[in-house]
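Just below is one structure, and these are the notes that go with it.
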Amino acid sequence: MRRTLLALTALALSLGLSGCVSTTGVDDAVPSPAPSVSIVEPPSSPPPSPAPSPSVEESADPSYRVPDESPLEATRLVFDGDAVGVEPRTALNVAASAVREQEYTLDFDCIPRDATITLSLSPAAGEDDPPVTIKGPITVTQGCGAPGRVTGITVSRMVGIQITAITDGVDQAWAVLRATDATD
Numbered sequence: 017m018r019r020t021l022l023a024l025t026a027l028a029l030s031l032g033l034s035g036c037v038s039t040t041g042v043d044d045a046v047p048s049p050a051p052s053v054s055i056v057e058p059p060s061s062p063p064p065s066p067a068p069s070p071s072v073e074e075s076a077d078p079s080y081r082v083p084d085e086s087p088l089e090a091t092r093l094v095f096d097g098d099a100v101g102v103e104p105r106t107a108l109n110v111a112a113s114a115v116r117e118q119e120y121t122l123d124f125d126c127i128p129r130d131a132t133i134t135l136s137l138s139p140a141a142g143e144d145d146p147p148v149t150i151k152g153p154i155t156v157t158q159g160c161g162a163p164g165r166v167t168g169i170t171v172s173r174m175v176g177i178q179i180t181a182i183t184d185g186v187d188q189a190w191a192v193l194r195a196t197d198a199t200d
């Protein structure tokens, strides 16, 4: 019953919050070129194969991996920055509101492994009236030596939760707030 209520609440709120989805880093559509006719001559030598270029999405650390989205997610933050020639980018998605009396878990990871990250939880913009209390650890500072997990987070009323990060020295990071599952 609780899972069904949570799923219905998540669906209703994701439809209601659909205007709140971050479009950071989304490019405008590029118009397609006009069709043209050209004469192609066979090349005298095979064209050189392009060298793979480094991507922000690719991690130098194989143990760092952003998890797939889950239906139990309330909020997701993904940070990509400090790569040469790449503009830092943060994407925050408040997918569903946290539900009163449901316990939540914050999972996170970051690289490089010698960096430190600080994560904070707060009501999403415009969701602090009436006042809400987030119980449990709402701020965590941890080294990036290994993935982190914080449990025991609850809210006093249904509310969208945002995650903020202080990422000095962090190249990539992710954090996911999700309903704690019985298998955790």
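Just so you know, we're using the working numbering here: the sequence shown kicks off at 17 and counts up by one. Virtual Cβ for every residue (Gly too), placed ideally from N, Cα, C.
Inter-residue spacing [alpha-carbon to alpha-carbon] between residue i and residue j
i, j, result
"Y120", "T170", "6 Å"
"A14", "S86", "Nothing can be reported for residue 14: it is not among the residues displayed for the chain, which extend from 17 to 200."
"P104", "D96", "6 Å"
"V94", "V186", "12 Å"
"R173", "T149", "8 Å"
"L88", "P139", "18 Å"
"G161", "D144", "34 Å"
"T167", "D197", "11 Å"
"P128", "A141", "30 Å"
"P83", "P153", "22 Å"
"R81", "P147", "35 Å"
"G159", "R116", "31 Å"
"T134", "S79", "20 Å"
"D77", "K151", "34 Å"
Beta-carbon proximity of residue i to residue j, cut-off 8 Å
i, j, result
"L122", "L193", "yes"
"A189", "T183", "yes"
"G176", "S113", "yes"
"A132", "T155", "It is worth fixing the name first, because residue 132 is Thr in this sequence and not Ala. Going by C-beta atoms, T132 is not nearer than 8 Å to T155."
"G164", "D125", "yes"
"A195", "Q118", "yes"
"T91", "Q178", "yes"
Residue i - DSSP class collapsed to helix/strand/coil
i, result
"R81", "coil"
"S138", "strand"
"A112", "coil"
"T132", "strand"
8 Å Cβ cutoff, residue i in contact with chain C
i, result
"I179", "Given the protein chain composition of this structure (a single chain), no chain C is represented."
Beta-ladder partner(s) of residue i, from DSSP
i, result
"L193", "T91, L122"
"R105", "D96"
Secondary structure, beta strand (DSSP E): runs of 3+ residues fully inside the region 151-183: Whole beta strand (DSSP E) segments, 3+ residues: 155-159, 164-171, 177-182.
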